[in-house]
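Note that this note's numbering has the sequence shown beginning at 1, numbered continuously upward.
We put the beta carbon where it would ideally sit given N, CA and C, even for glycine.
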Amino acid sequence: MIETNQLRCFIAVAEELHFNRAALRLNMTQPPLSRQIQLLETRIDCKLFIRTSRSVVLTEAGKSFLNDARRILRLLENAQKAAKDISLGRSGILRCGFTAVTANKFLPQLISNMKADIPNSTLDLKEMVSLRQITALDSGDLDVGLLRPLVDPRKYQDRLVSRERLMLAIPAGHPLGAREFARWRDLDGVDFIMYDSVESKYFHDLLTVFLARKHVRPNIVQRLTQIHSMLSLVRAGVGVAVVPESARILDVADVEYREFADQSSPYAELFIVWRETNQNPLIPIVVDIAEALLEQASTQPVQPR
1 MIETNQLRCF
11 IAVAEELHFN
21 RAALRLNMTQ
31 PPLSRQIQLL
41 ETRIDCKLFI
51 RTSRSVVLTE
61 AGKSFLNDAR
71 RILRLLENAQ
81 KAAKDISLGR
91 SGILRCGFTA
101 VTANKFLPQL
111 ISNMKADIPN
121 STLDLKEMVS
131 LRQITALDSG
141 DLDVGLLRPL
151 VDPRKYQDRL
161 VSRERLMLAI
171 PAGHPLGARE
181 FARWRDLDGV
191 DFIMYDSVES
201 KYFHDLLTVF
211 LARKHVRPNI
221 VQRLTQIHSM
231 LSLVRAGVGV
241 AVVPESARIL
251 DVADVEYREF
261 ADQSSPYAEL
271 FIVWRETNQN
281 PLIPIVVDIA
291 EALLEQASTQ
301 PVQPR
């Protein structure tokens, strides 16, 4: 078998065309260098050099072998570097699930920071509701998920990465738009677009519990999963909806938003979640990047109410 040391010795002699200079370049003496060249020629069963007392010249076979030897060493060096980078989390692939609303604000920020901090990494994105992300994490189809707090802490690790205010979305010209701020009690009896109790369990349960605590009973006319679809129905005048603040980025025409005046209003929380048994070295790095986004958001000045 040809050894990499033999290839390095061959390349040095081929480039220097002088055994002494090649030996100095390799920090070795000439006899062992000559021995390595002899072993290499024996292994490939052909002469690579024409040697005389006054010169060293590459044979045609040697010229061809030089190109391949350089390429082989480059491949080995690149493979070694790639393996090391992956083991250290500097490159590799992270399969990441996300909910549709996450793509409005948090996900673009995460992607941007990953490109800056670990540019050789690849984020393989898969849009799924939170419950389906849990299934994909269990099956190993995802490395991490960006989802709502629905997980069993005995099976998963998680970190809070985003907290958003909830806002009232109303069609332009709706009576509830007459006030600068929304009041929860004003939703009593109002046509309301609610979240699906299965596919959007987190938002459904969050609002159901909070509205019950406030003794508010809106008239639920539709139950949907995707916020963009909810806003489309709001625009059509089907009803009003409560959505995360980042939904404003969707910029749906003829839909207005009002912040709730009640300081006890719930927040929509987002977590990055992974299985403790998943050993992808990118996970702790991306978790740190995601947590830094929450810290960054908490230090930004709050917009005046």
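Kindly give me the distance between the Cβ atoms of residue i and residue j, rounded to whole angstroms, as I take these residues to be in contact under 8 Å.
| i | j | result |
| --- | --- | --- |
| Ile193 | Leu233 | 5 Å |
| Ile249 | Lys105 | 6 Å |
| Val240 | Leu176 | 7 Å |
| Ile285 | Ile118 | 6 Å |
| Arg258 | Phe181 | 6 Å |
| Ala23 | Thr29 | 6 Å |
| Phe210 | Pro266 | 5 Å |
| Arg54 | Ile2 | No, Arg54 and Ile2 are not in contact; Cβ-Cβ is about 29 Å, not under 8 Å. |
Quick check on DSSP: helix, strand or coil for residue i?
| i | result |
| --- | --- |
| Met28 | coil |
| Glu291 | helix |
| Val13 | helix |
| Pro171 | strand |
| Asn278 | coil |
| Ile2 | coil |
| Ile118 | coil |
| Glu269 | strand |
| Ala182 | strand |
| Lys81 | helix |
| Ser162 | strand |
| Gln296 | helix |
| Gly92 | strand |
| Arg154 | coil |
| Leu142 | coil |
| Arg43 | helix |
| Arg54 | coil |
| Leu48 | coil |
| Val252 | coil |
| His18 | coil |
| Gln303 | Model confidence at Gln303 stands at a pLDDT of 44, short of 50, so the residue's coordinates are unreliable and nothing is read from them. |
| Lys201 | helix |
| Gln226 | coil |
| Lys214 | coil |
| Thr59 | coil |
Give me whichever residues DSSP pairs with residue i in a beta bridge.
| i | result |
| --- | --- |
| Phe192 | Ile220 and Val240 |
| Leu231 | Answer is none; Leu231 lacks a bridge partner. |
| Asp177 | Rather than Asp, the amino acid found at residue 177 in this sequence is Gly. Note: Gly177 sits in no beta bridge, so no partner. |
| Lys386 | With the chain represented from 1 up to 305, any question about residue 386 goes unanswered, as that position is not in the structure. |
| Phe260 | Ala182 |
| Arg35 | In the DSSP output, where bridge partners are listed per residue, Arg35 has none listed. |
| Leu147 | Phe271 |
Closer than 6 Å by C-beta to residue i: which residues in its own chain qualify, once you throw out the five before and the five after it? Chain order, please.
| i | result |
| --- | --- |
| Leu17 | Val56 |
| Ala172 | Asp254 and Glu256 |
| Leu137 | Gly145 and Arg275 |
| Leu329 | No answer is possible for residue 329: it lies beyond the span of the chain, which begins at 1 and ends at 305. |
| Glu338 | Only positions 1 to 305 of the chain appear in this structure, which leaves residue 338 out of reach. |
| Tyr195 | Phe203 and His204 |
| Asp191 | Asn219, Val221 and Gly239 |
| Leu206 | Pro266 |
Excluding the 5 residues flanking residue i on each side, which residues of the same chain have their C-beta closer than 7 Å to its C-beta?
| i | result |
| --- | --- |
| Asn5 | Gln36 |
| Ser246 | Val101, Asn104, Lys105 and Glu164 |
| Leu125 | Cys96 and Phe98 |
| Thr59 | Lys47, Leu48, Phe49 and Ile50 |
| Arg25 | Ala12 and Glu16 |
| Ala69 | Leu7, Phe10 and Ile11 |
| Glu291 | Arg159 and Val161 |
| Asn20 | Gln30 |
| Asp188 | Val216, Arg217 and Pro218 |
Please work out which residues of its chain come closer than 8 Å, Cβ to Cβ, to residue i, disregarding the five sequence neighbours upstream and downstream, and give them in chain order.
| i | result |
| --- | --- |
| Leu306 | The shown model of the chain, from 1 to 305, leaves out residue 306, and the question about it has no answer. |
| Trp184 | Phe210, Leu211, Lys214, Val216, Phe260, Asp262 and Ser265 |
| Leu293 | Phe106, Gln109, Leu110, Asn113, Val161 and Ser162 |
Please decide whether residue i counts as near chain C, where near means a Cβ-Cβ distance under 8 Å.
| i | result |
| --- | --- |
| Met28 | Annotation note: the requested chain C is absent from the structure, which comprises a single protein chain. |
Quiz item: Does the stretch 59 to 67 come close enough to the stretch 108 to 120 to have 3 or more Cβ pairs within less than 8 Å?
Solution: no
Quiz item: Between the stretch 10 to 20 and the stretch 68 to 76, do at least 3 Cβ pairs fall closer than 8 Å?
Solution: yes
Practice problem: May I ask you to verify whether the stretch 208 to 221 touches the stretch 127 to 136, counting CB pairs closer than 8 Å and requiring at least 3? | Solution: no
Quiz item: Counting pairs of beta carbons, one from the stretch 267 to 282 and one from the stretch 135 to 147, are three or more of them closer than 8 Å?
Solution: yes
Quiz item: For the 8 Å Cβ check, are there 3 or more pairs between the stretch 233 to 249 and the stretch 113 to 122?
Solution: no
Quiz item: Within the chosen definition, does the stretch 220 to 231 reach the stretch 195 to 203 through at least 3 CB pairs nearer than 8 Å?
Solution: yes
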